[in-house]
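A short write-up of the structure that comes next.
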Amino acid sequence: MRRLLLIFLLFLPASPAVADVFDFVTPSGNIYCQVGLERDFSDIFCRIHERQGVPAAPALAGCANGHSFAMGDRGPVQVSCEAGGRWPGQSEAAYGDTGQFGGIICRSETSGLTCTNRDGHGFFLSRRSQRAF
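In structure tokens form, the structure reads like this:
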């Protein structure tokens with residue numbers, strides 16, 4: 039399996055009209071993310087496939103699995119209930135990897151994935167807990 043070397047991905051230059059888009063999965067295979075980078079903007083979309091424990095925060099009525107968390111490099115996190123299958127072919131963000139994607143920083147740890155943006159908004163995802171802050 040390919041391993042995403044997040045540490046050196048500090049910034050991928052792109053033309054103003056075209057974004058670089060790539061994806062990664064955590065070692066558990068349960069969290070999938072897609073990152074978009076443009077010259078002056080970045081965003082991330084992550085989906086947790088299987089969850090346990092307390093409902094995601096903020097709680098979404100009638101949503102048992104398939105929570106999605108999205109944010110730009112500025113502004114709050116958007117949480118949605120989106121069931122979906124696994125995405126094939128992602129690179130792996132190994133535990134201990136940190137990546138900066140424009141104005142978004144993500145850290146993959148055994149406890150879960152934490153991503154924050156320039157405004158201090160972000161999310162934490164693990165099988166047992168999912169929350170936006």
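Residues in the sequence shown are numbered from 39 upward in steps of one, following our numbering. For every residue, glycine included, the Cβ atom is placed at its ideal position computed from N, Cα and C.
Check                                                                                                                                                          : Outcome
Between the beta-carbon of Glu147 and the beta-carbon of Val63, is there less than 8 angstroms?                                                                : no
With a threshold of 16 other CB atoms inside 10 Å of the CB of Gln90, please say whether the residue is buried or exposed.                                     : exposed
If you draw a straight line from the alpha carbon of Pro96 to that of Asp58, how long is it in whole angstroms?                                                : 30 angstroms
Grab me the residues of Arg145's own chain with a C-beta within less than 6 angstroms of its C-beta, minus the 5 sequence neighbours each way, in chain order. : Thr136, Thr152
Is there at least one Cβ from chain C nearer than 8 angstroms to Asp58's Cβ?                                                                                   : The structure shown contains no chain C; it is built from a single protein chain.
Considering only residues of the same chain and omitting the five flanking positions on each side of Leu43, which have a CB-CB separation below 6 angstroms?   : Low per-residue confidence applies at Leu43: pLDDT is 35, beneath 50, and the placement is therefore not dependable, though the value from the model is reported in the following sentence. Taken in chain order, the list of residues that qualify is empty.
By the 10 Å Cβ neighbour count, where 16 or more other Cβ atoms means buried, how is Val173 classified, buried or exposed?                                     : Summary: the structure shown does not reach residue 173, with the chain confined to residues 39 through 171, and so no result is reported for it.
Just to confirm the assignment, what range does the beta strand (DSSP E) spanning Gly74 have?                                                                  : 69 to 75
So, with DSSP's three-state summary, where would you put Leu163?                                                                                               : strand
According to DSSP, Val63 sits in a beta bridge with which residue or residues?                                                                                 : Tyr70, Glu130
Skipping 5 residues on each side, what residues in its chain have a beta carbon closer than 6 angstroms to that of Arg166?                                     : Gln90, Gly91
State the Cα-Cα distance for the pair Met109 and Glu120, rounded to the nearest angstrom.                                                                      : 15 angstroms
Do you know how far the Cα of Ile86 is from the Cα of Ser106?                                                                                                  : 6 angstroms
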